[in-house]
Structures are given as C-alpha cells and as structure tokens.
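Everything on this sheet refers to the single structure shown next.
Numbering (the numbering used here), first residue to last: 6 to 346.
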C-alpha cells in the first residue's frame, strides 16, 4: 500500500479550497445566468396576447366581470387579452388546466371562492390551488342576497328562521352549483340560525331562479347581479344580503348580520391568478396593470352595474385573504357535514 507523504497530504488539503471555490463560482454563475434570463423575459413581457381563462360559460356574471377588466388590462399591457371559457366541475376543470400551463404569464385565470374551498369540496383533487397557483390580485367582491318566492310567508330574517323551524317540510333552496358561494352561504345560515334548509343543486344560477319564480323551490342565496332585475320587478322578494354592509343596489335591504344573525358574513369574490412559478417580475407587472385597470372610471362604472366592488390588492394580501377564507369556510364545510364529491 502506498503511503501518503506529507507533501501529498499538504497538496490535497490545499486543493480542496480551490475545488470549493470553483464549485461556488459555478453555482453563483448559474444563479446569475438564471436571474439575467428571468429579468430579460420580464422586460420583454408581454410580446404576444395574454389568455384569461374564465371558469364559467360566456355571458355569466364572472365572464362579464372578466371582460370588463380585460379590455382595459390589454391597453396597459400593450397586447390583446383573449377570454377562454372553460366551465364545469365548479371551476376545477379550468383551474387544473391553468395549473398545467407554462408559468410564463401568458395564461391567467379569473378564479374565485373555490381557491379556498376546493380541497374541502373535491375528492382526489389533483392539484392544490394555493400551492399550484400564484396570486396576482383580488379583483372584486359582491354580496349575495336571500331571495324568496313572494308566496312564502316570510319578509324578514327572523320570520324566515321561524318558518323554517315550524314548517312540516324542509324549505328548499336552490344553488348554482355544489360548493358555490350560494351553497356555502345557505349552510352558514343553517349553522348560525339552527335551521335545516335543504339544498336543490342546479347547473347554473338561471335555472334555479326560474324555478324560484315558478314556485318549485322556496329560496336561493343568489348573487345580486343575477337577482336584481327580478327583485325590482316583484317576481321574487329580497330578505337580506350576505355582505357585511348593505349593497348600493339594494339600500333598503338589511344585512343578515343586522337582521338577526350577528357575525354572519360571506361574499362572492374573484381574483386573477397565474401558474405557480411565474417570474415575480411578471406577477408584479400584471398586478400593477390590474390595479391601474381597476382605477379606470369606465371599468369602475361597469363593475358597479354588475354589482361588484373593485379591490385591487397586492399578491401577498390576496394570498393571505385566500388563506383566511380557507380557514373560515373550511370550518363551515366541516361543521355542515358537506362531503367531498
């Protein structure tokens, strides 16, 4: 066996720092190269049209909201925005599609409350909304409203609670979809009021409203934009709104909290997201241009007519909001015994 001489040992020890220094230079060089590439991409972004996926059919509330914002966003980006509707499975079809797209800023999505609730509502969900999507900005919020058929013997929240508890049959409420805001709003009402309203799920808000008007169901917790014209015509009656403050379009309709259930609050909300891993410089650009779009008087007017209040918060604030909604609504879902589908 060859013995290691002092000279050989000294040379080996001396060479180790050189190897470490070389490896460090290689790693730093790779990081710097990646940073330069990322910065170059961000500086040239966008160089082609940007898609915004809408998890609902064309002509619906979220579609109209997205189009109102997208037109002005295109002006600020300097590139067209293209709306792509992918409805179904309470937004999970659209969300999974966006999760699998390149994280380059050219595919966005206008998502909503399901960012917080999908893990509780969907069995074997193949993605995690909070992990696999990057938040850009909370765009807008809107309250829902309890609306009943005019023949129902209840005009206030206390009367509705009393009727629900005394009725020989469960009062039926329609929902646009399993896990939609109206579904969770009704189950939150059940938990806080001690009632047992029974869900009738529909494929969309329109058929639920049609059956409400026809007297096939007793009530819905509908979004205000969809219900407002029917309320004004007298075809349905508004009892209370789900938001923490009264709605500008229904100033005489109380909140559920002030009408008898203190602490009750749930709103529909929508925000822009991108695939996780999208460069932070691109997220920052999209956030800045989204906020500018939401400050435009024309966009604000359009959103108000749709029943929305513009927000435009930061990516970190939006992410924190989604986490808080997941905590709050997760408790409602578990307490109500809603099983994943």
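Note that CB positions come from ideal geometry on N, CA and C, so glycine has one too.
The model shown is predicted, which means the values in this text are computed figures rather than measured ones.
#1: Note down, in chain order, each residue of its chain lying with its Cβ closer than 6 Å to the Cβ of residue 87, except the 5 sequence neighbours on either side.
#2: Can you name the start and end residues of the beta strand (DSSP E) that residue 343 belongs to?
#3: Is DSSP giving residue 221 helix, strand or coil here?
#4: Beta strand (DSSP E) containing residue 300: first to last residue?
#5: Leaving out five residues on either side along the sequence, give the residues of the same chain with a beta carbon under 6 Å from the beta carbon of residue 291.
#6: For residue 239, which residues does DSSP report across the bridge?
#7: Could you tell me how far apart the beta carbons of residue 226 and residue 178 are, in whole angstroms, since I believe they sit closer than 8 Å?
#8: Pull up the DSSP beta-bridge partners for residue 183, would you.
#9: Does residue 38 come out as helix, strand or coil in the three-state DSSP assignment?
#10: So, helix, strand or coil for residue 102, using DSSP?
#11: Give the DSSP-derived three-state secondary structure of residue 153 in the structure shown.
#12: Short of 6 Å in beta carbon distance, which residues of its chain neighbour residue 175, apart from the five on each side in sequence? Order them along the chain.
#13: Threshold first: 4 residues or longer. Then list the alpha helix (DSSP H) segments lying entirely within the stretch 243-315, N to C.
#14: Can the beta-carbon of residue 75 be found less than 8 Å from the beta-carbon of residue 67?
#15: Name the DSSP bridge partner or partners of residue 56?
#16: Of the residues 214, 198, 330, which one's Cα is nearest the Cα of residue 168?
#17: Do residue 224 and residue 217 come within 8 Å of each other at the CB atom, strictly closer than that value?
#18: Any idea if residue 280 is buried or exposed, counting beta-carbon neighbours within 10 angstroms, 16 or more meaning buried?
#19: Locate the alpha helix (DSSP H) running through residue 206, then write down its first and last residues.
#20: Can you find a CB in chain C that lies within less than 8 Å of the CB of residue 335?
#21: Helix, strand or coil for residue 176 per DSSP?
#22: With a threshold of 6 Å on Cβ separation, who are the neighbours of residue 50 within its own chain once the five nearest residues in sequence on each side are excluded?
#23: Rounded to whole angstroms, what's the CA-CA distance from residue 298 to residue 85? Just pull it up for me.
#24: Between which two residues does the alpha helix (DSSP H) harbouring residue 72 extend?
#25: Is the distance from the Cβ of residue 115 to the Cβ of residue 323 below 8 Å?
#26: In the DSSP output, which residue or residues are listed as bridge partners for residue 197?
#27: Do residue 249 and residue 262 have their C-beta atoms within less than 8 Å of each other?
#28: Short check: CB of residue 113 to CB of residue 278, under 8 Å?
On the basis of the data shown:
#1: Your numbering for residue 87 matches position 82 in the chain shown. So the qualifying residues of the chain are 54, 56.
#2: For the purposes of this step, residue 343 is taken as the residue at position 338 of the chain shown. That residue, residue 343, is in no beta strand (DSSP E); it is neither H nor E in DSSP.
#3: What you label residue 221 is simply residue 216 of the chain shown in a count that begins at 1. Coil, per DSSP.
#4: The sequence position of residue 300 within the chain shown is 295, counting from 1. Unbroken run through residue 300: none, as it is neither H nor E.
#5: The residue you call residue 291 lines up with position 286 of the chain shown. Cβ neighbours of residue 291 beyond the five flanking positions: 141.
#6: Counting from one through the chain shown, the residue named residue 239 turns up at place 234. Per DSSP, none; premise fails for residue 239.
#7: Residue 226 sits at position 221 when you count from the first residue of the chain shown. Residue 178 sits at position 173 when you count from the first residue of the chain shown. That pair is a contact at about 7 Å.
#8: For this step, residue 183 is matched to residue 178 along the chain shown. Per DSSP, none; premise fails for residue 183.
#9: By one-based count along the chain shown, residue 38 stands at place 33. Legend: pLDDT at residue 38 = 49, less than 50; position of this residue unreliable, value from coordinates given subsequently. In this structure, residue 38 counts as helix in the three-state DSSP scheme.
#10: As a position in the chain shown, residue 102 is number 97, starting the count at 1. Here residue 102 sits in helix by DSSP.
#11: Start at 1 with the first residue of the chain shown, and residue 153 comes out as number 148. Strand.
#12: Reading the chain shown from its first residue, position 170 is the one you call residue 175. Within the same chain, residue 175 has close Cβ partners 201, 203.
#13: 285-299, 302-311
#14: What you label residue 75 is simply residue 70 of the chain shown in a count that begins at 1. What you label residue 67 is simply residue 62 of the chain shown in a count that begins at 1. Not in contact: residue 75 and residue 67 (Cβ atoms no closer than 8 Å).
#15: Start at 1 with the first residue of the chain shown, and residue 56 comes out as number 51. DSSP lists 87, 112 as partners of residue 56.
#16: One-based indexing of the chain shown puts residue 168 at position 163. Here the closest residue by C-alpha is 198.
#17: Within the chain shown, residue 217 is the residue found at index 212, counting from 1. Within the chain shown, residue 224 is the residue found at index 219, counting from 1. Cβ atoms of residue 217 and residue 224: closer than 8 Å.
#18: The residue given as residue 280 occupies position 275 in the chain shown. Result: buried.
#19: Indexing the chain shown from 1 puts residue 206 at position 201. Here residue 206 belongs to no alpha helix (DSSP H); instead the beta strand (DSSP E) covers 203-206.
#20: Within the model displayed, chain C is absent; a lone protein chain is all it includes.
#21: Sequence index remark: in the chain shown, residue 176 carries index 171 (1-based). Coil, per DSSP.
#22: Numbered from 1 along the chain shown, position 45 holds the residue referred to as residue 50. Excluding sequence neighbours, residue 50 sits near 110, 287.
#23: Within the chain shown, numbered from 1, the residue matching residue 298 stands at position 293. Within the chain shown, numbered from 1, the residue matching residue 85 stands at position 80. Going by the C-alpha atoms only, they are around 14 Å apart.
#24: The count along the chain shown starts at 1 and reaches residue 72 at position 67. First-last of the alpha helix (DSSP H) with residue 72: 66-82.
#25: Taking the chain shown and counting its residues from 1, one reaches residue 115 at position 110. Taking the chain shown and counting its residues from 1, one reaches residue 323 at position 318. Contact flag unset, no.
#26: Walking along the chain shown from the start, residue 197 turns up at place 192. Note: residue 197 sits in no beta bridge, so no partner.
#27: One-based indexing of the chain shown puts residue 249 at position 244. One-based indexing of the chain shown puts residue 262 at position 257. Result yes, Cβ atoms of residue 249 and residue 262 sit closer than 8 Å.
#28: Position 108 of the chain shown, counted from the first residue, corresponds to residue 113. Position 273 of the chain shown, counted from the first residue, corresponds to residue 278. Yes. Within cutoff.
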